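What follows is a set of notes on a single structure, which appears directly below.
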Amino acid sequence: MADSVMASDLVKKSFRVNKFPHIWCPGCGHGILMRAVAQAIENKGFDPDKVCIVSGIGCSSRAAGYMNFNTLHTTHGRAIAFATGIKLARPELHVIVITGDGDAAAIGGNHFIHAARRNIGITTIVFNNSIYGMTGGQYSPLTPMYDLATTSPYGNIEQTFDLPRLADAAGATYVARFTSYHVREGIKLIEKALDNKGFSMVEGISQCPTYYGRKNKKGTTVQIMQWMRDSAVDIKKAREMTSEELSGKFVIGEFKNRPALEYCHGYQKIIDRIKDEKRKR
Amino acid sequence: MRLMMGNEACVEGAIAAGMRFFAGYPITPSTEVAEKASERLPEVGGKFIQMEDEIAGMAACIGGSIAGQKSMTATSGPGFSLKMENIGYAAMAEIPCVIINVMRSGPSTGLPTSPSQADVMQARWGTHGDHPTIALAPSSVREAYDVTIRAFNLAEKYRMPVMVLMDEIIGHLREGVDLPEKPEVEILDRKNPDCDPADFRAYEVPEGDIVPLMPGFGDGYRYNITGLIHDDTGFPTNSNIVAGKLCERLMKKIEDNADDIAQYEITDAENCDVLVLTYGGTARTVTAARKAAPDSGFRMGMFRCVTIWPFPEEALRACVRDNNIKHVIVAELNYGQIALEAERILKNDAKVWHIGKIDGDILYPNEILNKISEVIKHG
Amino acid sequence: MHMELRLSGSGGQGLILAGVIMAEAALIDGKNAVQSQSYGPEARGGASRAEVIISDQEIDFIKVQSADMLLCLTQTAYDRYGKEPAAVLIVDDSIELKYPEPVKVVRVPILETALKQIGRPMVANIVALGVVNATLKLVSRESLAQAVLGRVPKGTEELNSRALDCGYELVG
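Residue numbers (numbering that gives the first Met the number 0), protein chains in the order written: chain C, 0 to 280; chain R, 0 to 378; chain B, 0 to 171.
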């Protein structure tokens, strides 16, 4: 199903083509991830009038403007909080947040964990390029330790967040990760995230050849994507590997799919109960 | 007649105005607004959510409005500071919403349970950049109800965040009120487009309208909202020409309609020796002083602002000129914030004095009367 | 008629509720009333004070300026608020008076009555309301009883009505 629509048709239908070319650098992975999101929405057959794309600030967050849905480009880190308002006010909408590693895990970290805890029906796609790209290459909570950035010229000494584990611990009911190399798998994971009624988090690892790649001598875009191909291990396989075997690798795939009561659904139950009690009185 | 708290009356007003969404965060002394909203909203099919912080409370409130519901949040002092980021967003993206700020004593955490009126300039200039502001201040529990309805009407009419600057005096005051079954004023709703979605230009002001039309997300008009400078299609641009036009339109929609927004009350200004300018809970002190003034041997007029921003400057200047008033005392619980505004407005017309407090206490009627005596003696 | 009242005690004793009930009783009587409070950060303990103004006239200034009555249920509250003059002082008999006394002092066992006669220390505020109204005749007894019933938790109506009556009896 994933490729049932020709690329050009998908682009024409799901994007505001008059807004292209996009602002992302040549070689950036965000375009690949954005297309994967659009393909997953298309595959689900959602009515575009009922789809909202909410984004924050940063490279990732420019995606919203290019996508032909109800689109909201908010303030830095706050996309999930704005999206919470939209979803609760109008639960029938498909609310998708596109955010970045700094946007979601640093300035928006509180909103991220609490939306997960509430299990509100928002699908959050984190475009993780391991750096603050828009402001020129500063380290983020997802910049690997000892890597270089314009604000860690001697190497980053901060631990990184493991977003799937963070989302899982906070209460997200669907958690997955893919890379801009693993697009087919990614589309399927996003579709499943959209199927989940509660809070879903899908991390998409993206390449930033301009800042992260160049600063850390990761080579060309092709070389970075080859590294993604060679270093990513599917979670099913990873479960059978030792920590030595996993050293230098990272895990992709579906980390969690455990549906639970969605927040707006729980709230509607309260409204119905009050209405019922009133009628009985 | 019911005994009701200002904070509760504000929620009743909001519901009467059509509020069906509230997002907030608990903070003294505004918490009763959230508590009442959490109880009342599901009864009318509305939604309440307690967010993880003040910033999120403001963000979700804006989100609720974008989804088509009349939305509100409430806060005090430190929370008002945190909300500034997204208040600016609502001003820029022209999202109607209402912010209740029950002013408490600051700066910082200050005296959480004590009143102040020291957020009036923050309300005007707290978020960065030039932006319009509407702020209203009730002086009684009944007025908290009326002003909140008006705040929603203005928010919808001018598509922007509207602040209700309550103070702890009125927020926590209980007094008898008779609320009408139905609001006594017309309830204004945002205008929706009826054009073909393909022809919809999200930020174009139709001829004869003050603001662009605003469909809710999900209504079939797929458009873009951003806090960046945007053209009338709603998409970002770096054009200085577009930026200038947009920012000017945002300022002008309020400047040009200041008379419609201005609300004030003038009492005993004819032949008065001194005019006292005040607002909010302090107006209760000033009213008591005004009634006692003849016993002290002088005539005192009162100019009470219900609209703080845009400041009713034409009305104040006219009141001073028409009545040949030479002395204006501004009574407010701060270090002279509106006094500065009055000085600017009245620089050629009257001498402006100030009486205030920044210790968490309120002003007492005898303090107003003493200040008037002093002004008459030395002025 | 214009009466300014202060009701003080420790946080959790329900003095603010007592103030609310008194104000509501005044509204039932067709009078004007406002109620306000000053309180600290403590939900329990500390010193809490409610103010009520009852008047035939419109009430402009909302705070008590010269108290017609001060009620103190704890020593801490008396120590803190007892300095300010009041025409009538009503205190629990456990309180040691140390400030110059006003013309009229009513010193009765409010806390003990709640505990021993009703068996619930938390109804001390309602006992106190009975004492206050028996002393000052601010509102009609019926209105006060009605206001009490309108505000107390379901299932405690009888208990609170008895507490109110006990308050009246303390003054005789």
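Backbone N, C-alpha and C fix where the C-beta goes; we use that ideal spot for every residue, glycine too. Remember, predicted model here, so these are calculated numbers, not experimental data.
Leu2 of chain R has a beta carbon lying within less than 8 Å of a beta carbon in chain B.
For Cys304 of chain R, the three-state secondary structure derived from DSSP is strand. In this structure Thr70 of chain C is buried. Its beta-carbon is surrounded by 16 or more other beta-carbon atoms within 10 angstroms. Between the alpha carbons of Ala268 of chain R and Cys318 of chain R lies a distance of about 7 Å. Scanning R:Lys82, R:Arg103, R:Glu366 and R:Asp348 for the CA closest to the CA of Arg77 of chain C turns up R:Lys82. For Tyr278 of chain R, the secondary structure class from DSSP, reduced to helix, strand or coil, is strand.
Rounded to whole angstroms, the gap between the alpha carbons of Ser160 of chain B and Leu148 of chain B is 8 Å.
Taking C-alpha positions only, Asp218 of chain R is separated from Asp48 of chain C by approximately 7 Å. Interface flag for Val105 of chain B against chain R is unset, since no Cβ pair is found closer than 8 Å.
Within the same chain, and ignoring the five residues on either side of Met71 of chain R in sequence, the residues whose Cβ sits closer than 6 Å to its Cβ are Ala13, Met18, Phe21 and Val97. Between the alpha carbons of Arg176 of chain C and Ile204 of chain C lies a distance of about 8 Å. Using a CB distance cut-off of 8 Å, His181 of chain C does not count as an interface residue toward chain R. Using a CB distance below 8 Å, the part of the region 60-84 of chain R facing chain C consists of Cys60, Ile61, Gly62, Gly63, Ser64, Ile65, Ala66, Gly67, Gln68, Ser70 and Glu84, ordered along the chain. Listed in chain order, the alpha helix (DSSP H) elements of length 4 or more contained wholly in the region 107-173 of chain R are 119-124, 140-157 and 167-170. Burial of Met50 of chain R is indicated by the presence of at least 16 other C-beta atoms within 10 angstroms of its C-beta. With fewer than 16 other Cβ atoms from the protein chains shown falling within 10 Å of its own Cβ, Met0 of chain B counts as exposed. The beta carbons of Arg189 of chain R and Glu167 of chain R sit no closer together than 8 Å. According to the DSSP assignment, His1 of chain B belongs to no alpha helix (DSSP H) but to the beta strand (DSSP E) extending over His1 to Gly10. Taking a 10 Å sphere around the C-beta of Ile56 of chain C, we find 16 or more other C-beta atoms and assign the residue as buried. By the Cβ criterion, the region 84-98 of chain B is in contact with the region 129-144 of chain B, since at least three pairs of Cβ atoms, one from each stretch, lie closer than 8 Å. The C-alpha of Gly44 of chain B is placed about 5 Å away from the C-alpha of Gly10 of chain B.
Looking at the backbone, the Cα of Ala17 of chain B and that of Asn347 of chain R are separated by about 52 Å. When secondary structure is reduced to three states using DSSP, Thr75 of chain B falls in the helix class. In this structure, Leu332 of chain R lies near Gln116 of chain R, with their beta-carbon atoms less than 8 Å apart. DSSP, reduced to helix, strand and coil, places Trp226 of chain C within a helical segment of the structure shown. Gln38 of chain C carries a helical assignment under DSSP once its states are collapsed to helix, strand and coil.
Looking at the DSSP output, Ala66 of chain B shares a beta bridge with B:Ala85. The beta-carbon separation of Ala8 of chain R and Ala143 of chain R, rounded to 4 Å, stays under the 8 Å limit for a contact. Taking the Cα positions, Asn118 of chain C is about 37 Å away from Asp145 of chain R.
Phe19 of chain C is classed as exposed because its beta carbon has fewer than 16 other beta carbons within 10 Å across all chains shown. Using beta-carbon distances, Leu227 of chain R counts as an interface residue toward chain C, with a partner under 8 Å. For the set C:Glu184, C:Gln267 and C:Ile121, the Cα lying nearest the Cα of Val232 of chain C is the one of C:Glu184. Note that the region 77-86 of chain C does not touch the region 241-261 of chain R; fewer than 3 beta-carbon pairs, one per stretch, sit closer than 8 Å. Shown here, Ser70 of chain R sits in a strand according to DSSP, grouped into three states. The continuous beta strand (DSSP E) containing Glu202 of chain C extends over residues Ser199 to Ile204. With respect to chain C, the C-beta atom of Arg158 of chain R has no partner C-beta closer than 8 Å.
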